[in-house]
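Inspection log for the structure reproduced underneath, given as structure tokens.
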Amino acid sequence: MATAEHPPLNAENAPRRDKRMSLGQHLVELRRRLVIAMIALVVGMAVAYFLTDWIIGAMTEPIRIVAEQRGDSELVKLMYPTITGPFDMRLRISFVVGIILSAPVWLWQLWAFLMPGLTRKEIRSTIGFVAAAIPLFFAGCFVGWWVMPHIVEIMASFSAEGAANMYDAKYYYDFVFKLVIVVGVSFVIPVFLVALNLAGIMSGKAILKSWRVAVLVTVAFAGLATPAADVVSMLMLAGILIVLFFAAAGLSMLFDRRRAKRAAADLRPLA
Numbered sequence: 001m002a003t004a005e006h007p008p009l010n011a012e013n014a015p016r017r018d019k020r021m022s023l024g025q026h027l028v029e030l031r032r033r034l035v036i037a038m039i040a041l042v043v044g045m046a047v048a049y050f051l052t053d054w055i056i057g058a059m060t061e062p063i064r065i066v067a068e069q070r071g072d073s074e075l076v077k078l079m080y081p082t083i084t085g086p087f088d089m090r091l092r093i094s095f096v097v098g099i100i101l102s103a104p105v106w107l108w109q110l111w112a113f114l115m116p117g118l119t120r121k122e123i124r125s126t127i128g129f130v131a132a133a134i135p136l137f138f139a140g141c142f143v144g145w146w147v148m149p150h151i152v153e154i155m156a157s158f159s160a161e162g163a164a165n166m167y168d169a170k171y172y173y174d175f176v177f178k179l180v181i182v183v184g185v186s187f188v189i190p191v192f193l194v195a196l197n198l199a200g201i202m203s204g205k206a207i208l209k210s211w212r213v214a215v216l217v218t219v220a221f222a223g224l225a226t227p228a229a230d231v232v233s234m235l236m237l238a239g240i241l242i243v244l245f246f247a248a249a250g251l252s253m254l255f256d257r258r259r260a261k262r263a264a265a266d267l268r269p270l271a
């Protein structure tokens, strides 16, 4: 019998599977899925290792451009200050690319572990969140990858005439991948705003009211992510992030309006 404290379950708030497991069974299930995810990561790293030549070539293209501009490749080089540096760089690249290649497997394992406890409504919201977040993340990574060569070239232009630009391989790797990942994550932040709205934590109006702070933070972030001399890249990155913010605010306000209409319809007395 349903009570106020225990309302009847319907198709929206009923769990997808009524499956009760003990703590020990949960731990065994978690270990099994972690093992599968780790195997997928190792396979992804093995595949990525054979792509490292192409990735390193693409990463170091800006260095070759700077060398051509100076007309002396001896003054602009990528250097490995340690004996194990070349192998270490390939291993780092393999790990990051392996995570990306194995993402479908470990994301599914995480999803399958959490799915039995989610309601049908939560499952639909999660699928929508992932479907929006993944393309935006890769779009942000693409923008970061596109901005990276401009940063390297502009920063090299400040070197004194005759000076040598010897780029430490480890530092160069960290710079490239941190830039790409940070910009990729920044593109996903608007999706988190919409998720907070769907969870009832923030209203669309509250998100929109903070537009001044959002614009200030966005411009500051774009200024830090791009060199001060590259104004075009900074404005382009800031413009994309601001558009995404206002899109998230508009979508949240639309969801608020729909919820208000649904609540008003539920309160309307039956004829």
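Here the sequence shown is numbered in full-length UniProt numbering, starting from 1 and rising by one per residue. Glycine is no exception: its CB is placed at the ideal position from the N, C-alpha and C atoms.
(message) Once DSSP output is grouped into helix, strand and coil, what is the label at Leu-78?
(response) strand
(request) Reducing DSSP to helix, strand and coil, say where Met-89 ends up. (result) helix
(message) Among the candidates Arg-92, Val-219, Phe-245, whose CA atom is the shortest distance from the CA of Val-42?
(response) Arg-92
(message) Just list the residues that DSSP pairs Tyr-167 with in beta bridges.
(response) Leu-78
(request) Check each candidate in Gln-25, Phe-246, Val-194 and name the one with the smallest Cα separation from Trp-211. (result) Phe-246
(message) Within the continuous alpha helix (DSSP H) that includes Met-45, where are the two ends?
(response) 23-49
(message) Residues in the same chain with beta-carbon distance under 8 Å from Leu-179, minus the five sequence neighbours each way, listed in chain order, please.
(response) Gly-144, Val-147, Met-148, Ile-151, Ala-225
(message) Please report the distance separating the alpha-carbon of Gly-184 from that of Thr-82.
(response) 31 Å
(request) Leaving out five residues on either side along the sequence, give the residues of the same chain with a beta carbon under 7 Å from the beta carbon of Leu-136. (result) Phe-187, Val-188, Val-191
(message) Determine whether the beta carbon atoms of Phe-113 and Leu-30 lie at a separation below 8 Å.
(response) yes
(message) Tell me which residues share the same chain as Arg-33 and place their Cβ nearer than 8 Å to its Cβ, disregarding the 5 neighbours each side in the sequence.
(response) Gln-109, Leu-110, Ala-112, Phe-113
(message) Let me check understanding here. Comparing Cα to Cα, which of Phe-87, Ser-233, Val-232, Gly-239 lies closest to Met-216?
(response) Inspection of the sequence shows that residue 216 is occupied by Leu rather than by Met. Checked all of Phe-87, Ser-233, Val-232, Gly-239; the closest Cα to Leu-216 is Gly-239.
(request) Going by CA-CA distance only, name the one from Leu-254, Met-59, Ala-48, Arg-124 that's closest to Lys-170. (result) Met-59
(request) Measuring alpha carbon to alpha carbon, tell me which of Tyr-167, Lys-209, Met-253, Val-182 ends up nearest Gly-200. (result) Met-253
(request) Could you round the C-beta distance between Leu-208 and Ala-249 to whole angstroms and report it? I think they count as a contact, below 8 Å. (result) 4 Å
(message) Whole angstroms are fine: how far does the CA of Gly-98 sit from the CA of residue 276?
(response) Within the shown structure, residues of the chain are numbered from 1 to 271, placing residue 276 beyond reach of any answer.
(request) Could you tell me which of Val-213, Leu-237, Ala-214 sits nearest to residue 273, measuring between CA atoms? (result) Since the first and last residues shown for the chain are 1 and 271, residue 273 lies out of range.
(request) Can you give me the start and stop residues for the alpha helix (DSSP H) that Glu-68 sits inside? (result) 61-70
(request) Measure from the alpha carbon of Ser-233 to the alpha carbon of each residue in Glu-68, Ala-264, Glu-153, then state which is nearest. (result) Glu-153
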